[in-house]
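Every letter in the sequence shown is one number past the one before it in our numbering, and letter 10, counting from 1, is 18. We put the beta carbon where it would ideally sit given N, CA and C, even for glycine. Remember, it's a predicted structure, so these values are computed and weren't measured experimentally. Report on one structure; see the data block that follows.
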Amino acid sequence: EDLIGTPASAGCVCLRNADIIELYDIIPVGTRVEIVA
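Quick look at the structure:
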């Protein structure tokens with residue numbers, strides 16, 4: 009989690025562990041997700 013907010017990947021979406029757990033709990037499997045930059 010130390011790299012959150014820094015350019016540290018080649019296109020991956022970096023999230024804190026707690027944020028991933030929350031998304032997993034509220035977003036149904038198969039939900040289409042759009043990343044807008």
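At which residues does the alpha helix (DSSP H) containing residue 43 begin and terminate? For the purposes of this step, residue 43 is taken as the residue at position 35 of the sequence shown. Note, residue 43: premise wrong, no alpha helix (DSSP H); not H, not E.
For residue 22 versus residue 31, is the C-beta distance shorter than 8 Å? Here residue 22 refers to the residue found at position 14 of the sequence shown. Here residue 31 refers to the residue found at position 23 of the sequence shown. It is not a contact, given that the beta carbons lie outside the stated cut-off.
Endpoints, alpha helix (DSSP H) assigned at residue 31: By 1-based counting over the sequence shown, the position of residue 31 is 23. It spans 25 to 34 - the alpha helix (DSSP H) in which residue 31 sits, taken as one unbroken run.
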